[in-house]
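There are 2 protein chains.
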Amino acid sequence: MKKEIPYKIYLEEQEMPRQWYNVRADMKKKPAPILDPRTLKPITLDELSGIFCRELAKQELDDTTAYIDIPHDIRSFYKMYRPSPLTRAYCLEKKLDTPAHIYYKFEGNNTSGSHKLNSAIAQAYYAKAQGLKGVTTETGAGQWGTALSMACAYLELDCQVYMVKCSYEQKPFRREVMRTYGAKVTPSPSMETEVGRKINQEFPGTTGSLGCAISEAVEAALGQEGYRYVLGSVLNQVLLHQSIIGLETKAALDKYGIKADMIIGCAGGGSNLGGLISPFAGQMVRGEADYEIIAVEPASCPSLTRGVYAYDYCDTGKVCPLSKMYTLGSGFIPSASHAGGLRYHGMSSTVSELYDQGYLTARSVDQTQVFEAAAMFAKVEGILPAPESSHAIRVAIDEAIRCRETGQEKNIVFGLTGTGYFDMVAYQRFNDGNMTDYVPTDEELKKSFASLPKTE
Amino acid sequence: MKKEIPYKIYLEEQEMPRQWYNVRADMKKKPAPILDPRTLKPITLDELSGIFCRELAKQELDDTTAYIDIPHDIRSFYKMYRPSPLTRAYCLEKKLDTPAHIYYKFEGNNTSGSHKLNSAIAQAYYAKAQGLKGVTTETGAGQWGTALSMACAYLELDCQVYMVKCSYEQKPFRREVMRTYGAKVTPSPSMETEVGRKINQEFPGTTGSLGCAISEAVEAALGQEGYRYVLGSVLNQVLLHQSIIGLETKAALDKYGIKADMIIGCAGGGSNLGGLISPFAGQMVRGEADYEIIAVEPASCPSLTRGVYAYDYCDTGKVCPLSKMYTLGSGFIPSASHAGGLRYHGMSSTVSELYDQGYLTARSVDQTQVFEAAAMFAKVEGILPAPESSHAIRVAIDEAIRCRETGQEKNIVFGLTGTGYFDMVAYQRFNDGNMTDYVPTDEELKKSFASLPKTE
Chain V
1 MKKEIPYKIY LEEQEMPRQW YNVRADMKKK PAPILDPRTL KPITLDELSG
51 IFCRELAKQE LDDTTAYIDI PHDIRSFYKM YRPSPLTRAY CLEKKLDTPA
101 HIYYKFEGNN TSGSHKLNSA IAQAYYAKAQ GLKGVTTETG AGQWGTALSM
151 ACAYLELDCQ VYMVKCSYEQ KPFRREVMRT YGAKVTPSPS METEVGRKIN
201 QEFPGTTGSL GCAISEAVEA ALGQEGYRYV LGSVLNQVLL HQSIIGLETK
251 AALDKYGIKA DMIIGCAGGG SNLGGLISPF AGQMVRGEAD YEIIAVEPAS
301 CPSLTRGVYA YDYCDTGKVC PLSKMYTLGS GFIPSASHAG GLRYHGMSST
351 VSELYDQGYL TARSVDQTQV FEAAAMFAKV EGILPAPESS HAIRVAIDEA
401 IRCRETGQEK NIVFGLTGTG YFDMVAYQRF NDGNMTDYVP TDEELKKSFA
451 SLPKTE
Chain Z
1001 MKKEIPYKIY LEEQEMPRQW YNVRADMKKK PAPILDPRTL KPITLDELSG
1051 IFCRELAKQE LDDTTAYIDI PHDIRSFYKM YRPSPLTRAY CLEKKLDTPA
1101 HIYYKFEGNN TSGSHKLNSA IAQAYYAKAQ GLKGVTTETG AGQWGTALSM
1151 ACAYLELDCQ VYMVKCSYEQ KPFRREVMRT YGAKVTPSPS METEVGRKIN
1201 QEFPGTTGSL GCAISEAVEA ALGQEGYRYV LGSVLNQVLL HQSIIGLETK
1251 AALDKYGIKA DMIIGCAGGG SNLGGLISPF AGQMVRGEAD YEIIAVEPAS
1301 CPSLTRGVYA YDYCDTGKVC PLSKMYTLGS GFIPSASHAG GLRYHGMSST
1351 VSELYDQGYL TARSVDQTQV FEAAAMFAKV EGILPAPESS HAIRVAIDEA
1401 IRCRETGQEK NIVFGLTGTG YFDMVAYQRF NDGNMTDYVP TDEELKKSFA
1451 SLPKTE
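One line per chain: the protein sequences are V and Z, in this order. Going by the working numbering, the first residue of the first sequence is number 1, and it counts up by one from there. Going by the working numbering, the first residue of the second sequence is number 1001, and it counts up by one from there.
Structure (structure tokens):
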């Protein structure tokens, strides 16, 4: 007999995953190795341990171990805000008059407002375990910086965040959340690093860029004894930590005997999508099950749908290792009209490889459509979603409407990565009818592809 | 054998309360009746039904029915964001090195960011059920306005919010959240009401006040066919709806065989405190159990600890019914240095009467102490609390430290009413070391008491 499905499926504490899952271990063809930016040769563990702390460098390179124990202290931290609920969107289904069953895994119920915290605590933990004093990072809108500040405060680790200057000035709320958690937040470009001083001198009055902030954070880490640089997306280690999302989702579905037909996630650097789909993609590569997996990206930053699959720099500053991935070129910058996140030029190498092998499809959507879906979702499901997450909502709604037309009772699962409480400037633009769409021309992309490095 | 207590206790959906609890029904001496502001005589159901919709007016006056069924549609809405977790603050206990067990009922995991939604959906539901077109209300910082907007969006009811002009301009995020939910948000004083036009004419350039916004909202409701005015705190009906907090808390404690020794809540108008303590106070008035209940208020707005117990106006505009309550006088305005909410001059008549009968004690705390507690809590428990909620955190921490000194293993339960994501201006003041404390002098209070009406 089937159990009645509640609005929210919570796992019991003892049902929470005790291991992360590394989908690369089960892939027959593995993602290509990352390259040292100086030599363009596969990077070694020792080389990588100069940038990341040792255990994280190991995780970054390990493509053979399928399950990795989650340390006790990280599980304790997870228990403060996890398990996150898998919610049956009964009200949305009713509104859409669809026979489909819609579920969403909601990662926004923590102060960082998104899934980023899942990897922040892991990265901070390994830094602490190695006896480091602190970590440095960059942040744009501030989501990742907030998550890292929270994790560092919990572990009493020093946290230095280089925040893109225009965000630092225009988003004082995020900045103050980080400061409340004890982080040192520096507007970038600053006068504290060589690269910052240089940029300030060359471009007086500049309001900064993510690329510049990364360069400053890396310089700050390398220049201080006992510090390492950490990064919140794209990396293999981040996907590993984020697998907690997919593992919990799968456990919750299994608990009620629900078989997902379709799994939808928004895709920027790929950390959320990769984490959500990991255990499902794992079943697929092992030949145990089949799902329709859809990555949703902004039409204004279409790395999967219009990018090329090639080695590229992960950062505009070209200081981080190179990765083979679907990319628009590290010099690509989305149009100024682009409102939400998901503005990364490339895509996690694991997600890229799974996509290249045909385990998932990709779709790009216009931002006005995305905000329409967001506003509808907010009204019927009561959660104001992040613009990023709303890309997944858009496609989930489209698919549910298709089910209404075909009469199919599909189980649609999507990732609701976070809340939009700090994105009200974009919502205001939408509410005022001032939001526009932008799609880069082929010419623009061609120009951007020209920045790709020659690796062969 | 005792079950191990998880970090978060969630009720199963079928364990959620199906009735609200009305503590007045069990009180031997009832709270005094509310009075018509024109006649200063007890108000009748018919009179009250002109301001509130019929069912809510009934609930307002009913002091004999102990349990009232929660309509199915409201329970459905509750299921989208409830049950809220009762969290064991393991990390805070460890940090404080206390033998006490600390639990908090967290009401912030919804887009309104607080418990206000519990009553907003109920008030909107009864308005809809009566066939009304819409509701009007006022909002200061925007918490209540957001909650009401969400409830009205869900029920497709028109929602008109008069927002104090300085908040409207300085807090555009809250305003945009409301607009996203389809509410019409008008800066108050506006040119749309008679009272608004009059105030604008008398005080050109005024940035408004809550009293003025209430008057505009009431005028707007009375002037439109099919509209009623709604209010988010103080009222008996609000306490009734908020009893869901206490009922869930009690059910979660009972599930694990935990007996609370101490229950702590912040107190502004009393809606959260009253809701949290209702079932526990009910046991006390029935002589079934004993608890130490503590109301915590700001030293800068000390209605319970320094107010008088008398009939007073609920609003500065003197258009709402009068209530017998602990009050500082309806003309009382906290010092400009006061940062958090809890700035209401009076206290729910039910909470006031329970306090007068000795079922709870009250404590006032300085805001710098409150923000110190908030920052510590954020760092160890991972949730950035609302300044209001942090009043309860302060006293919970103080009591847990006392337990460390005495060695007592008390079970301390407090209400964490919401998150502080929209209160970062106050946090910034604290982070920068610019926060000051203020305690009104006896002279100031004496002056304020002079505004009390003569009712006998």
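Even glycine gets a Cβ: it sits at the ideal position worked out from N, Cα and C. Quick caveat, the model's predicted, so the values are computed rather than measured.
TODO: Identify whether Z:D953 lies in helix, strand or coil by the three-state DSSP scheme.
DONE: Nothing in the structure corresponds to residue 953 of chain Z, since chain Z is present only between 1001 and 1456.
Open item on the list: Looking at chain Z, is there any beta carbon in it that lies within less than 8 Å of the beta carbon of V:L92?
Closed with: Position 92 of the first sequence holds residue 92 of chain V. Answer no: the Cβ-Cβ gap between V:L92 and chain Z never drops below 8 Å.
- [ ] Give the straight-line distance between the Cα atoms of V:K466 and V:L86, rounded to the nearest whole angstrom.
- [x] This structure does not reach residue 466 of chain V, given that chain V is present from 1 up to 456, and the question cannot be answered.
Task: V:A450, DSSP secondary structure in three states - done: Counting from 1 along the first sequence, the entry for residue 450 of chain V is found at position 450. Of the three classes helix, strand and coil, the one that applies to V:A450 here is coil, per DSSP.
TODO: Compare the C-beta of Z:R1179 with all C-beta atoms of chain V and state if any pair is closer than 8 Å.
DONE: As a position in the second sequence, residue 1179 of chain Z is number 179, starting the count at 1. With 8 Å as the cut-off, Z:R1179 counts as an interface residue toward chain V.
Open item on the list: Pop quiz: V:M163 and V:G145 are said to be a contact at Cβ under 8 Å. What is the actual Cβ separation, rounded to whole angstroms?
Closed with: Residue numbering aside, residue 163 of chain V sits at position 163 when the first sequence is read from its first letter. Residue numbering aside, residue 145 of chain V sits at position 145 when the first sequence is read from its first letter. Between V:G145 and V:M163 the Cβ distance is about 6 Å, and since that is below 8 Å, they are a contact.
Task: Residues of the stretch 353–377 of chain V whose Cβ lies closer than 7 Å to any Cβ of chain Z, in chain order - done: A375
Open item on the list: Comparing C-alpha positions only, which one of Z:P1083, Z:E1409, Z:K1318 and Z:G1282 sits nearest to Z:L1240?
Closed with: As a working note, residue 1240 of chain Z is residue 240 in the second sequence. Measuring from the Cα of Z:L1240, the nearest candidate turns out to be Z:G1282.
Open item on the list: Taking the straight line between their C-alpha atoms, what separation do you get for V:E47 and V:V218?
Closed with: As a first step, residue 47 of chain V must be located in the first sequence, where it is residue number 47. As a first step, residue 218 of chain V must be located in the first sequence, where it is residue number 218. Cα to Cα, V:E47 sits roughly 15 Å from V:V218.
Task: Exposure of V:D97, with buried meaning 16 or more beta-carbon neighbours within 10 Å - done: The residue you call residue 97 of chain V lines up with position 97 of the first sequence. V:D97 comes out exposed.
Task: Proximal residues to V:K58 (C-beta, below 8 Å), its chain only, five neighbours per side dropped - done: Walking along the first sequence from the start, residue 58 of chain V turns up at place 58. Hits under 8 Å: L45.
Task: DSSP-derived helix/strand/coil call for V:G274 - done: Against the first sequence, residue 274 of chain V aligns to sequence position 274. Helix at V:G274.
- [ ] Can you say whether Z:S1337 is buried or exposed, counting buried as having 16 or more other CB atoms within 10 angstroms of its CB?
- [x] Along the second sequence, read from residue 1 onward, the residue named residue 1337 of chain Z stands at position 337. That one is exposed.
Open item on the list: Would you say V:V380 lies against chain Z (beta-carbon separation less than 8 Å)?
Closed with: Working through the first sequence from its first residue, we reach residue 380 of chain V at position 380. Cβ-Cβ to chain Z under 8 Å: yes for V:V380.
Open item on the list: Between Z:P1006 and chain V, is the shortest Cβ-Cβ distance under 8 Å, so that the two count as touching?
Closed with: Taking the first residue of the second sequence as 1, we reach residue 1006 of chain Z at position 6. Z:P1006 counts as touching chain V.
Open item on the list: Please identify the residue among V:P37, V:A373 and V:D158 whose C-alpha is closest to the C-alpha of V:M178.
Closed with: Residue numbering aside, residue 178 of chain V sits at position 178 when the first sequence is read from its first letter. The candidate whose alpha carbon is nearest that of V:M178 is V:D158.
- [ ] Mark V:R286 as exposed unless 16 or more other C-beta atoms lie within 10 angstroms of its C-beta, in which case mark it buried.
- [x] What you label residue 286 of chain V is simply residue 286 of the first sequence in a count that begins at 1. So V:R286 ends up on the exposed side.
TODO: Find out if the Cβ-Cβ distance for the pair Z:I1199, Z:P1189 is shorter than 8 Å.
DONE: Taking the first residue of the second sequence as 1, we reach residue 1199 of chain Z at position 199. Taking the first residue of the second sequence as 1, we reach residue 1189 of chain Z at position 189. The answer is yes: Cβ separation under 8 Å.
- [ ] Taking all protein chains shown into account, decide if V:A378 is buried (16 or more other Cβ within 10 angstroms of its Cβ) or exposed.
- [x] Translated into the one-based positions of the first sequence, residue 378 of chain V becomes position 378. Buried: at least 16 other Cβ atoms inside 10 Å.
Open item on the list: Threshold first: 3 residues or longer. Then list the beta strand (DSSP E) segments lying entirely within the stretch 1279–1311 of chain Z, N to C.
Closed with: 1292–1298
TODO: Would you verify that the beta carbon of Z:F1173 is, or is not, closer than 8 Å to some beta carbon of chain V?
DONE: As a first step, residue 1173 of chain Z is located in the second sequence; it is residue number 173 there, counting from the start. Closer than 8 Å to some Cβ of chain V, the Cβ of Z:F1173 qualifies, so yes.
Open item on the list: Looking at the secondary structure, which residues open and close the beta strand (DSSP E) in which Z:Y1181 lies?
Closed with: By one-based count along the second sequence, residue 1181 of chain Z stands at place 181. Premise fails: Z:Y1181 is in no beta strand (DSSP E) and is neither H nor E.
Task: Boundaries of the alpha helix (DSSP H) in which V:M150 is found, first to last residue - done: On the first sequence, position 150 is the one that residue 150 of chain V refers to. Where V:M150 is concerned, the enclosing alpha helix (DSSP H) stretches over Q143 to L155.
- [ ] Helix, strand or coil for V:A339, going by three-state DSSP, please let me know.
- [x] Reading the first sequence from its first residue, position 339 is the one you call residue 339 of chain V. The answer is coil: DSSP assigns V:A339 none of H, G, I, E or B.
- [ ] Using three-state DSSP, classify V:C457 as helix, strand or coil.
- [x] Any property of residue 457 of chain V remains undetermined from this structure, which presents chain V solely from 1 to 456.
Open item on the list: Looking at chain Z, is there any beta carbon in it that lies within less than 8 Å of the beta carbon of V:H434?
Closed with: For the purposes of this step, residue 434 of chain V is identified with residue 434 of the first sequence, where counting begins at 1. Position check: residue 434 of chain V holds Asn in this sequence, whereas His was assumed. For V:N434, the answer is no, since every Cβ of chain Z falls outside 8 Å of its Cβ.
Task: Which of helix, strand or coil DSSP assigns to Z:C1166 - done: Residue numbering aside, residue 1166 of chain Z sits at position 166 when the second sequence is read from its first letter. Helix, per DSSP.
Task: CB of Z:L1247 within 8 Å of CB of Z:P1017, strictly - done: On the second sequence, residue 1247 of chain Z is found 247 positions in, with the first residue counted as 1. On the second sequence, residue 1017 of chain Z is found 17 positions in, with the first residue counted as 1. Yes.
- [ ] Examine chain V for any beta-carbon lying closer than 8 Å to the beta-carbon of Z:M1001, and answer yes or no.
- [x] As a position in the second sequence, residue 1001 of chain Z is number 1, starting the count at 1. Confidence is the limiting factor: at Z:M1001 the pLDDT is only 49, short of 50, which leaves the residue's position unreliable, though a coordinate-based value still follows. It does not; no Cβ of chain V falls within 8 Å.
TODO: Determine the contact status of V:Y344 and V:V234, defining contact as a CB-CB distance below 8 Å.
DONE: For the purposes of this step, residue 344 of chain V is identified with residue 344 of the first sequence, where counting begins at 1. For the purposes of this step, residue 234 of chain V is identified with residue 234 of the first sequence, where counting begins at 1. Yes, the pair counts as a contact, with Cβ atoms nearer than the cut-off.
Open item on the list: Taking 8 Å as the threshold (C-beta atoms), are V:S149 and V:F332 in contact?
Closed with: Taking the first residue of the first sequence as position 1, residue 332 of chain V is located at position 332. Taking the first residue of the first sequence as position 1, residue 149 of chain V is located at position 149. Not closer than 8 Å, so no.
TODO: Count the other C-beta atoms from every protein chain shown that fall within 10 angstroms of the C-beta of Z:M1001, then say buried if there are 16 or more, exposed otherwise.
DONE: Within the second sequence, residue 1001 of chain Z is the residue found at index 1, counting from 1. Summary for Z:M1001: the model assigns pLDDT 49, below 50, so the residue's position carries little reliability; its value from the coordinates is reported in the next sentence. When all chains shown are included, Z:M1001 counts as exposed.
Task: Contiguous beta strand (DSSP E) assignments of at least 3 residues, all confined to the stretch 208–234 of chain V - done: 227–229
- [ ] Report the neighbours of Z:E1176 on chain V: residues whose CB is nearer than 7 Å to its CB, in chain order.
- [x] Within the second sequence, numbered from 1, the residue matching residue 1176 of chain Z stands at position 176. Simply M424, Y427, Q428 and N431.
Open item on the list: Please report whether the beta-carbon of V:M347 lies at a distance below 8 Å from any beta-carbon of chain Z.
Closed with: To locate residue 347 of chain V, count along the first sequence from 1; it is residue 347. So, not an interface residue.
Task: Proximity of V:Q517 and V:E60 at Cβ, strictly below 8 Å - done: Absent from the model: residue 517 of chain V. The displayed extent of chain V is 1 to 456, so no value can be given.
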